[in-house]
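Taking it in order: structure first as structure tokens, then the write-up.
Numbering (our numbering), first residue to last: 8 to 332.
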């Protein structure tokens, strides 16, 4: 089985900004339209691939660890408007996907990244091929045997374990996460070591072999003083502790262990009457007049064996963390 793990909320926001700002009955619906078109295209052109839509819950522990986490996403009036306009469309997308042959998953206390880490490990352990469909480079740390990263914005960009260093400049997926912990992540408002980007962080980790070894070396001011000037921020104990905190934020194997019983799972199945009714409700009249455009790719049901494999991965998801500890 080939499985595609889709970063659903990221896809929804992408479609919000890409699509023409159309609506119906005083409600914007363009993100719904764009999202469904995207998934429909994947079903049509990648028959046989099982699509898992991973939704974000709220990982409150990350905000407790770093109160400024993702804070810049709501600073400007434009950002707030985008959030306020997109959020009402999200349940409409989820409702429509109930009638698509896809599986939706949500853990109320975790992000899609956390679900991806747990599921990728368990699905690969069953022998399945896993595609991480996202433009989020955080997911590069999940690349492993039978798990590859596929850029959702540029499908020809595929990064596998073989060739990982050539593609990223970092020797391994785990060191990639630790290099990010040192460099920081501006998209999530995670501050890093001043003047140290991903490339410089990767070079230091390559020299010392691990992040902890590099941080320990930085405690020796005399010896570490021979390192380049831009690394000297690590001689500050507070900076080293912030890097260790960042590991908990960006290394998905270091987060809280998820339990399958807490994951809300919806296995979609085509119901033409319900889907047509929703399209009518949303003002998608053009979809109703060209029903075969939707009916054909949506009519192929998920195989029972594939659904069982996914359910097994969900039940065993906690092993993805315990195996790393």
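All residues carry an ideal CB built from backbone N, CA and C; glycine is no exception.
Quick caveat, the model's predicted, so the values are computed rather than measured.
| Check | Outcome |
| --- | --- |
| Terminal residues of the alpha helix (DSSP H) in which residue 156 lies | Residue 156 -> not in any alpha helix (DSSP H); beta strand (DSSP E) instead, spanning 154-158. |
| Exposure label - residue 16; buried when at least 16 CB within 10 Å | buried |
| CB-CB length for residue 186 against residue 208, believed under 8 Å | 4 Å |
| Alpha-carbon to alpha-carbon, residue 145 and residue 222 | 22 Å |
| Beta-ladder partner(s) of residue 25, from DSSP | Note: residue 25 sits in no beta bridge, so no partner. |
| Candidates 104, 95, 230, of which the one nearest residue 60 by Cα | 104 |
| Residue range of the beta strand (DSSP E) that includes residue 14 | 9-14 |
| Selected residue, minimal CA-CA separation from residue 79, among 198, 175, 271 | 198 |
| Status (buried if at least 16 other CB within 10 Å, exposed otherwise) for residue 25 | exposed |
| Straight-line gap, residue 249 to residue 261 (C-alpha atoms, nearest Å) | 15 Å |
| According to DSSP, residues forming a beta bridge with residue 301 | According to DSSP, residue 301 bridges with nothing at all. |
| For residue 58, the three-state DSSP class (helix, strand or coil) | strand |
| Host beta strand (DSSP E) of residue 111 (start-end) | 110-113 |
| Environment of residue 217 [buried if 16+ CB atoms lie within 10 Å] | exposed |
| Exposure of residue 164, with buried meaning 16 or more beta-carbon neighbours within 10 Å | exposed |
| Assigned exposure category for residue 18 - 16 Cβ within 10 Å defines buried | buried |
| CB of residue 66 within 8 Å of CB of residue 118, strictly | yes |
| Reference residue 244; option with closest CA among 325, 174, 233, 200 | 200 |
| Bridge partners - residue 188, DSSP secondary structure assignment | Answer is none; residue 188 lacks a bridge partner. |
| CB contact flag (residue 12, residue 305, <8 Å) | no |
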